[in-house]
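Inspection log for the structure reproduced underneath, given as structure tokens.
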Amino acid sequence: MTKQVFSTTWGGRPLSVEIGQLAKQANGAVLVRYGDTVVLSAAVASKEAKDTDFFPLTINYEEKMYAVGKIPGGFIKREGRPSTDATLTARLIDRPIRPMFAEGFRNEVQVTNIVMSVDQDCSPAMAAMLGSSLALSISDIPFDGPIAGVDVGRVNGEYVLNPTVEQNEASDIHLTVAGTAQAINMVESGAKEVSEADMLGALLFGHEAIQELVAFQKEVVAAVGKPKMEITLLQVDEQVKKAIYDEFYPTMKTAVMTEEKLAREDEIAKVKEIVKEAYAEKALALADDEASKLTKEVKQIAEDLEKDVVRELITIDKIRPDGRQLDEIRALSSEVGLLPRVHGSGLFTRGQTQALSTCTLAPLGEHQIIDGLGVEESKRFIHHYNFPQFSVGSTGRAGSPGRREIGHGALGERALAQIIPDETDFPYTIRLVAEVLESNGSSSQASICAGTLALMDAGVPIKAPVAGIAMGLVSDGENYTILTDIQGLEDHLGDMDFKVAGTKDGITALQMDIKIQGITEQILREALAQAKKARMEILEELTATIDQPRAELSQYAPKIEMIQIDPAKIKDVIGKGGDTINGIIEETGVKIDIDQDGKVSIASADAEMIKKAIKIIEDLTKEVKVGEVYLGKVVRVEKFGAFVNLIKGKDGLVHISQLANERVANVEDVVKLGDEVLVKVTEIDKQGRVNLSRKAMLTDEKADEKK
Numbered sequence: 075m076t077k078q079v080f081s082t083t084w085g086g087r088p089l090s091v092e093i094g095q096l097a098k099q100a101n102g103a104v105l106v107r108y109g110d111t112v113v114l115s116a117a118v119a120s121k122e123a124k125d126t127d128f129f130p131l132t133i134n135y136e137e138k139m140y141a142v143g144k145i146p147g148g149f150i151k152r153e154g155r156p157s158t159d160a161t162l163t164a165r166l167i168d169r170p171i172r173p174m175f176a177e178g179f180r181n182e183v184q185v186t187n188i189v190m191s192v193d194q195d196c197s198p199a200m201a202a203m204l205g206s207s208l209a210l211s212i213s214d215i216p217f218d219g220p221i222a223g224v225d226v227g228r229v230n231g232e233y234v235l236n237p238t239v240e241q242n243e244a245s246d247i248h249l250t251v252a253g254t255a256q257a258i259n260m261v262e263s264g265a266k267e268v269s270e271a272d273m274l275g276a277l278l279f280g281h282e283a284i285q286e287l288v289a290f291q292k293e294v295v296a297a298v299g300k301p302k303m304e305i306t307l308l309q310v311d312e313q314v315k316k317a318i319y320d321e322f323y324p325t326m327k328t329a330v331m332t333e334e335k336l337a338r339e340d341e342i343a344k345v346k347e348i349v350k351e352a353y354a355e356k357a358l359a360l361a362d363d364e365a366s367k368l369t370k371e372v373k374q375i376a377e378d379l380e381k382d383v384v385r386e387l388i389t390i391d392k393i394r395p396d397g398r399q400l401d402e403i404r405a406l407s408s409e410v411g412l413l414p415r416v417h418g419s420g421l422f423t424r425g426q427t428q429a430l431s432t433c434t435l436a437p438l439g440e441h442q443i444i445d446g447l448g449v450e451e452s453k454r455f456i457h458h459y460n461f462p463q464f465s466v467g468s469t470g471r472a473g474s475p476g477r478r479e480i481g482h483g484a485l486g487e488r489a490l491a492q493i494i495p496d497e498t499d500f501p502y503t504i505r506l507v508a509e510v511l512e513s514n515g516s517s518s519q520a521s522i523c524a525g526t527l528a529l530m531d532a533g534v535p536i537k538a539p540v541a542g543i544a545m546g547l548v549s550d551g552e553n554y555t556i557l558t559d560i561q562g563l564e565d566h567l568g569d570m571d572f573k574v575a576g577t578k579d580g581i582t583a584l585q586m587d588i589k590i591q592g593i594t595e596q597i598l599r600e601a602l603a604q605a606k607k608a609r610m611e612i613l614e615e616l617t618a619t620i621d622q623p624r625a626e627l628s629q630y631a632p633k634i635e636m637i638q639i640d641p642a643k644i645k646d647v648i649g650k651g652g653d654t655i656n657g658i659i660e661e662t663g664v665k666i667d668i669d670q671d672g673k674v675s676i677a678s679a680d681a682e683m684i685k686k687a688i689k690i691i692e693d694l695t696k697e698v699k700v701g702e703v704y705l706g707k708v709v710r711v712e713k714f715g716a717f718v719n720l721i722k723g724k725d726g727l728v729h730i731s732q733l734a735n736e737r738v739a740n741v742e743d744v745v746k747l748g749d750e751v752l753v754k755v756t757e758i759d760k761q762g763r764v765n766l767s768r769k770a771m772l773t774d775e776k777a778d779e780k781k
């Protein structure tokens, strides 16, 4: 196949896709060029279905440092495990693609995106999402796409498609939205307290651009697409399914309506076990292959039975498993100051979901360094999320965070970053860590609520408290029900996980994942309105516990002050080989961080030592000016005059003629080494030499006496 190129424009910048030259052994491969951003996307699938009870889809997003002209940091000097941004981008692409495969499809599918060149104004993540969709669409893999994703910003009240770096800095909305030509099926957003109406407007604006990009992909598929492979979907015997449903549906319904989570799980498990036992004897009478097939089918039917009971109760009967109203939040409680030695702590509980968040304050120099493909090189606000297995009453893997934990941590960080004070007002690096202690639905939103409590307990002057809530959806096509504060069962067996966080004035973060192929504008509108009502209720609980940040920081938190110096004077503070700054640190015991723009932060547990360090730095960087008066020390005596130290590192000369009103024959007749003298700056020459006068001060004193 010879190379074919298809071109269009996207957000006012050139977009082209090249097919047929690279990665020809993949089922489908596309080279996407968006501006100067270049991403290779390749899709492959196994020929046979895997023996699993889930769809084995893997999306990879590989950042190559050569794409931005960098060599990777560290000793190895090659790319290693994916960065946080790469992991989040892989999740971002996976979420809208996964619902586009048929129920029961079990062939393994892997899509790899390699970022080869980056134009910072042309998002490689969005190029990779487009490439992933198109590689699947033109391949023989049975993908029910295309899908597309776009970034949306808002600058000066106007929505902007795929904003540039400069536009992003001025934008109050940072939205990624994906979907099909018919509907939206994935949302990820941060925002500066924008209204529900404005966020909905951004979503609809983004969907219009998605429709154009899907139409472009369909043109490409019509030209080069392969016929789809024949596949075998995992299906169960309908007669067996009907028999099980007829016999066990009422029993499962009773089990599902058990109010308490662990008790409900036990009751549901018992029903499933009864179903399996009822068919165990029938399996014994069959050949091995047939017996194995029947056992797997019965297990799957039992799972489907639970799902269908839950969905019918919610959509038809409007009954939730735990008996709550559709818009009812579970019992709320919150507490601060649980941990005596941490800088701030907050505990938030919503039903059987509980998160404990801790806040740690540190000097600005302890910010996180980011070695990635973006323009951001560091950040001073960090939010981490941990999900131990005991939170759901089970055993399991322990170790480094997985994709889910990284994603939930990033969502919390996005929601809370909007209310973090500027470093000039609060010169600290801030780290929040959320420990999920119980989980039964949306622990990520609980971590946001706990994070708000911890920040205020630590005395961080946040702009406003933030609360988060998760909404759900169960739809059977004609009927749909939106649920407030979904629990684990409703999330697992429902169609939507719609998370909204914000202050009383607006949204700061939004995330949506769905298992169906899209949702309508009406559902979005209703979900946003219902989420706002719930958010206000949770904010009332948080502010009843602590209504504003503490006036004083913890006694265990470092004290930090910030001063501004002339950037040209940075070298004077650092000194040759760092001698000067190391001397200040040794003398005072403080920690000093200096930015290239001249911002200096000084941190210590001892406030007096901070003041001492500031005085030294101010003396080192102070500009001596003509007309200023100093009480200085004589540091050198010559025949022609005396050198007087005005401030640290700056001496001036008092010529012998300027020592006294009368004629002076010998300098030491007036001043000696070590004397303190009052002098006035009379001149600074072109070479920076400072001339002083003692006589001028004597003259001024006589003039004052006459008055």
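Per our numbering, residue 75 is the first one in the sequence shown, and the count goes up by one each step.
Backbone N, C-alpha and C define an ideal beta-carbon position, used for all residues, glycine too.
None of the values given here were measured: they were computed from a predicted structure.
Taking 8 Å as the cut-off, decide whether the C-beta atoms of R624 and A541 are in contact. When the beta-carbon positions are compared, R624 and A541 stay at least 8 Å from each other.
Can you tell me the Cα-Cα spacing of D550 and I536, whole angstroms? Their backbone Cα atoms lie some 43 Å apart in a straight line.
Ordered along the chain, which non-local residues of its own chain (more than five positions away) have a Cβ less than 6 Å from that of R107? The residues are S90.
Over what stretch of residues does the alpha helix (DSSP H) that includes Q313 continue unbroken? Unbroken alpha helix (DSSP H) run through Q313: E312 to V330.
Entirely enclosed alpha helix (DSSP H) segments - the region 383 to 436, minimum 4 residues: Correct list: empty.
Which class does F455 belong to by DSSP, given the choice of helix, strand or coil? Residue state, collapsed to three classes: strand.
Mark A260 as exposed unless 16 or more other C-beta atoms lie within 10 angstroms of its C-beta, in which case mark it buried. As written in the sequence, residue 260 is Met, which differs from the Ala given in the question. Under the 10 Å beta carbon count, M260 is surrounded by 16 or more other beta carbons and is classified as buried.
Are the CB atoms of A524 and S465 within a distance shorter than 8 Å? Contact: no.
Of all the alpha helix (DSSP H) runs that stay within the bounds of the region 482 to 537, which reach a length of 4 or more residues? With a minimum length of 4 residues, the continuous alpha helix (DSSP H) runs that stay inside the region 482 to 537 are 517 to 531.
Beta bridge counterpart(s) of A222 as assigned by DSSP: Paired residue(s): G253.
Take the Cβ of L307 as the centre, count every other Cβ of all protein chains shown within 10 Å, and call the residue buried at 16 or more, exposed below. Around the beta carbon of L307, fewer than 16 other beta carbons lie within 10 angstroms, which makes this residue exposed.
Please list the terminal residues of the continuous alpha helix (DSSP H) segment that includes N29. The displayed coordinates of the chain run from 75 to 781. Any statement about residue 29 would go beyond what the structure contains.
Helix, strand or coil at R710 [DSSP, three-state]: DSSP, reduced to helix, strand and coil, places R710 within a strand of the structure shown.
What residues match up with K673 in a beta bridge as DSSP calls it? Bridge partners of K673: Q638.
Can you look up V185 in the DSSP assignment and give me helix, strand or coil? Strand, per DSSP.
Residue from I215, E243 and F217 with nearest C-alpha to G227: For the set I215, E243 and F217, the Cα lying nearest the Cα of G227 is the one of E243.
Terminal residues of the continuous alpha helix (DSSP H) containing V647? Per DSSP, V647 belongs to the alpha helix (DSSP H) from I644 to I648.
E497 to M683, Cα distance in whole Å? Between E497 and M683, the C-alpha separation is close to 21 Å.
State the Cα-Cα distance for the pair G102 and Q519, rounded to the nearest angstrom. Using only the alpha carbons, I get a separation of about 38 Å.
CA-to-CA distance, I444 to V806, given in whole angstroms: Outside the displayed range of the chain (75 to 781) lies residue 806, so it cannot be described from this structure.
Any heavy atom of the ligand COA closer than 7 Å to the CB of I543? Ligands are entirely absent from the displayed structure, and the ligand COA is therefore not among its contents.
How close, in whole Å, do the beta carbons of G109 and D193 come, if the pair is a contact with beta carbons under 8 Å? Between D193 and G109 the Cβ distance is about 4 Å, and since that is below 8 Å, they are a contact.
Using the three-state DSSP reduction, which class does I696 fall into: helix, strand or coil? Going by the sequence as given, residue 696 is Lys instead of Ile. Correct three-state label for K696: coil.
Alpha-carbon spacing of V741 relative to K713, whole angstroms: If you take the alpha carbons of V741 and K713, they lie about 6 Å apart.
Please report the straight-line C-alpha distance between D569 and G652, rounded to a whole angstrom. Each residue's Cα considered, the two are about 60 Å apart.
So, with DSSP's three-state summary, where would you put P216? Three-state result, P216: coil.
In the region 92 to 168, which residue ranges form an unbroken beta strand (DSSP E) of at least 3 residues, counting only runs that do not cross its ends? The region 92 to 168 is shown to contain whole beta strand (DSSP E) runs of 3 or more residues at 102 to 108, 111 to 123 and 131 to 137, in chain order.
Report yes or no: do the region 652 to 664 and the region 552 to 567 share at least 3 C-beta pairs separated by less than 8 Å? Cβ pair count under 8 Å is below three, so no.
In chain order, what residues of the same chain lie with their CB nearer than 6 Å to the CB of L412, ignoring the 5 residues before and after it? Excluding positions up to five away in sequence, the list reads S419 and L421.
Please state the DSSP three-state secondary structure of T83. Strand, per DSSP.
Within 10 Å of its beta-carbon, does I588 have 16 or more other beta-carbons around it, so buried, or fewer, so exposed? When all chains shown are included, I588 counts as buried.
Under 8 Å between C-beta atoms of V708 and K754: Going by C-beta atoms, V708 is not nearer than 8 Å to K754.
Rounded distance between the beta-carbons of S197 and N134, thought under 8 Å: Their Cβ separation, rounded to whole angstroms, is 18 Å, which puts N134 and S197 out of contact at 8 Å.
Alpha-carbon spacing of A317 relative to E364, whole angstroms: Answer to the nearest angstrom: the Cα atoms are 18 Å apart.
Looking at the secondary structure, which residues open and close the beta strand (DSSP E) in which M586 lies? Unbroken beta strand (DSSP E) run through M586: I581 to I588.
In three-state terms, what does DSSP make of K781? For K781, the predicted structure reports a pLDDT of 47, less than 50, and the residue's modelled location is therefore unreliable. A value from the coordinates is still provided. In the structure shown, K781 falls within a coil segment according to DSSP collapsed to helix, strand and coil.
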